[in-house]
Amino acid sequence: MKASTCSRNLDRLQDREDQGNRLALASKPNDPGEEPRLSYQGPEGLFYRSSELLVDGEMLFDAVQMFGYTIIALYCEMQFAAFRYWNNENRALRLKEPASLALTASGNSGSYVDPDGTAIVMSSELLPAPTSDPRVTWNYFDEQGYVSRGGLRAGEDPYARNKFNQEASDGLPSNRDIPDTRSAMCRMKQWRRDLPPTSVIITFHNEARSTLLRTVVSVLNRSPEHLIKEIILVDDFSDHPEDGEELSRIHKVRVIRNEKREGLMRSRVRGADAATASVLTFLDSHCECNADWLEPLLERVAEDPTRVVCPVIDVISMDTFQYIGASADLRGGFDWSLVFKWEYLSQAERQARQKDPTQAIRTPMIAGGLFVINKAYFEKLGKYDTQMDVWGGENLEISFRVWQCGGNLEIIPCSRVGHVFRKRHPYSFPGGSGNVFARNTRRAAEVWMDDYKQFYYNAVPLARNIPYGNIQDRMELKRRLHCKPFSWYLKNVYPELVIPTSEGGPGGSLKQGTACLDSMGHLLDGNVGLYPCHDTGGNQEWGLTKDGLIKHHDLCLTLPVYAKGTTLLMQICDGSDNQKWRHLEGGLIRHTRIPVCVDSRYHAQRGITAEKCDSNAETQRWHLYNHNH
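Number 515 in the working numbering belongs to position 515 of the sequence shown; there are no gaps in the numbering.
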């Protein structure tokens, strides 16, 4: 029942009362000369006692009408009371400046102004209510208009701007349902009620509007309202300032815009300096927070402010935007080229986690995009190295710094946040992405790795020629905090990182022309592929051991079935016969048990396979390129 309808009915009720039509209670006329007792003078001039109902057709009709209007009035009051309660309980997306908005509606849409003057847009068509979160059914600003103003032009490649399928993203509502990927034990777990609120800091540069809005909405709708102090969007000089400005109308959202391109590190520091909460939460601008994601992170930091904690990072497909749960048995690591990688926990750790999958996971390295940290501790640790540019290497540097200076890094399995993983960066790097990454990585290595930095330079010799700037302030920070040496880190945090030895056999890239054998970022039981050579190690770093193994860290190239046409996989190195190969003259890599060779002819369809050896086949010729030469 709309408020206007209720008002009209109440007005009609008042009009009927003013007409003088009254309901008479009487039994019969009073005797002549008898003084009336609780009586009513009817239209014929007689008095009636009020003990019996005088039934008249018109009066009865009026009585029924009056009763109906009374029911309507009560119903309206109940509706207003229900709305006031709902309105007080649900303010996830409250607009700060309703007067400046052009509120539009289409289809099953409408708008109204609530009692405190805040404009609300209603749309069951554009904003379907997820069953998992009824709070977000109504409280939206003009989402369709915001997204469409940054949408694709007719015929535009949906991957061109952001290196993900923007068309797929733009077609999804900002409050879409996603699967709850937590374990059953996480869903039953109770969290402390006295957790501190947090400032959420999201930096962006030319981000797709739909993914940026979905990130903000997921924070607001899947977090207890009292735990979100503010969301600070740091616009790193995007081409269109309106991308962020329009979102500043959402309740709790603040926007800071850089006057020039600053890069991730300096932008995050600016956001942290502006934050008013005692805990900082850093997120990328293409994320979706899952159910109860925040409480597990805040609880660990509240218990110990030297903890830096991360969620399990689920995968949002760059092509379809399907939300895919990631394994909780992973941690962050790196190789000597200082490239981040995900690696499985040891078998003993995985077995122990079966008893309690909610326990925090110690991790040598964090991915860097998503983490929570106490603000005072962040400042004490030296924030970010603001001499690093754009992107890359900052996760390495902050991970070394936290561990070596008395803190802890953890992954919290009961916290899940989805992230759009892309194969390429959508933005440019001044001086080239390779040089920027090498400069940032050199700064981390020079400050934190001590003499072990030589293994990095051996893996990536080109980095020696990249200037890395002045690091005196970071060295002074290291001394002031009494940080431990890198040898302590290797012994106590990451003993699994194998120190290279001269007996290990040759290592480097396995090349075919300008393409190289590449792990493609896959882990255990993943296949390998062919990718343009970048000569920086990482996914293209392989070692050929003297006993015939082709190693990529702790994984070996494996022939799972003794048959030609079999796709090769990466499996834990155990020295078994199906992992042994011989690198022959001419470049062929032949298996020691059956006459098949490593072949790239089907790499686009099935990955690298084992095919009948053919010395004339270009797809079977592999040349080892050592990065040290």
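In this text, a Cβ means the ideal position worked out from N, Cα and C, and glycines have one as well.
Residue of K380, G393 and T386 minimising C-alpha distance to C405
K380
Do L559 and N527 have their CB atoms nearer than 9 Å?
No, the Cβ-Cβ distance between L559 and N527 is not below 9 Å.
Chain-order list of residues whose beta-carbon lies under 8 Å from that of R270 (same chain, five-residue window excluded)
Closer than 8 Å at Cβ, skipping near neighbours: V234, I256, N258 and E262.
Secondary structure of L95, DSSP reduced to three states
With a pLDDT of 37 at L95, under the threshold of 50, the predicted position of this residue should be treated as unreliable, and no value is reported.
Can you tell me where the alpha helix (DSSP H) with M188 in it begins and where it stops?
A184 to M188
Counting only the same chain and skipping the five closest in sequence on each side, list residues whose C-beta sits under 8 Å from that of R601.
T609, E611, A617 and T619
Candidates E225, R149, L477 and G513: which alpha carbon is nearest I398's?
L477
Can you find the residues in the same chain that come closer than 7 Å, C-beta to C-beta, to T306, ignoring five residues on each side of it along the sequence?
Y377, G406, G407 and N408
DSSP three-state call for K341: helix, strand or coil?
Residue state, collapsed to three classes: strand.
Measure the CB-CB distance between H205 and S238 and report whether it falls below 9 Å.
yes
Inspect the CB distances between the segment 244-252 and the segment 338-356 and report whether three or more fall short of 8 Å.
Contact between the segment 244-252 and the segment 338-356 is absent, because fewer than three Cβ pairs lie under 8 Å.
Let me check understanding here. Comparing Cα to Cα, which of D614, L294, P357 and C597 lies closest to A563?
C597
When you compare the CB positions of I232 and I202, do they come within less than 9 Å of one another, or not?
I202 sits close to I232, with the two beta carbons spaced by under 9 Å.
Count the other CB atoms, across all protein chains shown, that sit within 10 Å of the CB of I361; report buried if there are 16 or more and exposed otherwise.
buried
Top-ranked residue by Cα proximity to R479, from R350, V498, N492 and W448:
Selected option, being the one with the closest Cα: W448.
Identity of the residues DSSP links to Y323 by a beta bridge
I316
Assuming S210 and D170 form a contact by the criterion Cβ under 8 Å, report the distance between their Cβ atoms to the nearest whole angstrom.
5 Å
Could you give the distance in angstroms between the alpha-carbon of I499 and the alpha-carbon of G586?
The straight-line gap from Cα to Cα measures roughly 31 Å.
Where N165 sits in the DSSP three-state scheme:
coil
What does a CB cutoff of less than 6 Å around C186 pick up in its chain, not counting 5 residues either side in sequence?
T358 and C414
Beta-carbon spacing of A445, I466 below 9 Å
no
Alpha-carbon to alpha-carbon, E167 and T536:
34 Å
Confirm, please, whether the CB-CB distance from L330 to M365 is below 9 Å.
no
Do you know offhand how far G369's Cα is from V417's?
11 Å
Decide if H583 is buried, meaning its Cβ has at least 16 other Cβ atoms within 10 Å, or exposed.
buried
Of all the alpha helix (DSSP H) runs that stay within the bounds of the segment 188-272, which reach a length of 4 or more residues?
Runs found: 209-221 and 242-245.
Where do the ends of the alpha helix (DSSP H) carrying A291 lie?
Note, A291: premise wrong, no alpha helix (DSSP H); not H, not E.
Simplified DSSP assignment, three categories, for C547
Residue identity differs from the one stated: residue 547 is Asp in this sequence, not Cys. Here D547 carries a coil assignment [DSSP, helix/strand/coil].
Can you name the start and end residues of the alpha helix (DSSP H) that K380 belongs to?
K375 to K380
Opening and closing residue of the beta strand (DSSP E) in which L510 lies:
G507 to Q512
Measuring CA to CA, which of M265, W191 and P173 is closest to N440?
Taking only the C-alpha atoms, the option nearest N440 is M265.
Helix, strand or coil, according to DSSP, for W403 in the structure here?
helix
Using DSSP with H/G/I as helix, E/B as strand and the rest coil, what is R582?
strand
Indicate whether P311 and K189 have their beta-carbon atoms separated by less than 9 Å.
In terms of Cβ geometry, P311 and K189 do not form a close pair [threshold 9 Å].
Would you report the Cα separation of R474 and H482, rounded to the nearest angstrom?
12 Å
So what does DSSP say about N626, is it helix, strand or coil?
coil
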